[in-house]
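Peer 1: Submitted below is the structure of interest, expressed as structure tokens.
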Amino acid sequence: MSKEDKDTGLQENPGQADPKAEAAEQNDQQTTDNQTTEQENTSSGEEGLAQLKAEKEELKDKYLRLLAEFENFKKRNTRERIDLLNTAAQDTLTALLPALDDFDRAVNLPDEQKNSPAFQEGIQLVHHKLNNILRQRGLEVMDTNGAAFDPEYHEALTEIPAPNDDMKGKIIDTVEKGYTLKGKIIRYAKVVVGK
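Take 1250 as the starting number for the sequence shown in our numbering and just add one per residue.
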């Protein structure tokens, strides 16, 4: 077959397609599909990126608001604590004022009345009133006389010879009473211990 016959043969059999032409056509179709897919991916990627950026900004705004709210909470809490510390003693001091008034009246009495039994009784009543006010606020006196010395509760000022063997290592005298406030020691008892 000559070259002309080959060309004519191709034209005579239009049902048979040229494989090269078919492959080129498929490549063109694939390239077009790929470009379309890339454009779709690019546009959906850009949309996704824009959505992620918007979400990031929303989360950042939420974070900043929460941070500001927490800072305000800390400031408010600090302010409330300072106010509480400044006014914590107010109730106790207000309760002590009547006892202070009684002491003022006792001090302002004429000297001749200060030696009377009524004055002594009045002082004892004021002392009792003061102790009751403090007890109501949770203040308790430590019982020390005759108790065994315990460095957790007592401060030994000195040791003296015990009057008998039973008093060795025990408290003989209390120089200053010890106090607890709602179970917590606020002042250790200063004591004299027998040896």
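All C-beta atoms in this analysis are idealised placements derived from N, C-alpha and C, irrespective of residue type, glycine included.
1. If I'm right that Gly1443 touches Gly1418 with Cβ under 8 Å, what's the distance once you round it to whole angstroms?
2. Assuming Leu1430 is part of the beta strand (DSSP E), what are its boundary residues?
3. Grab the span of the beta strand (DSSP E) containing Leu1406 for me, first residue to last.
4. Would you identify the three-state DSSP class for Leu1388, choosing helix, strand or coil?
5. Roughly how far, in whole angstroms, is the beta-carbon of Ala1438 from the beta-carbon of Thr1393, given that I think they are within contact range, below 8 Å?
6. To the nearest angstrom, how far is it from the Cα of Tyr1402 to the Cα of Gln1385?
7. Helix, strand or coil for Gly1228? Go by DSSP, reduced to three states.
Peer 2: Walking through what the data contain:
1. 7 Å
2. Tyr1428 to Leu1430
3. His1403 to Ile1409
4. strand
5. 5 Å
6. 22 Å
7. The structure shown does not extend to residue 1228, since the chain is modelled only from 1250 through 1444, so no value can be given for it.
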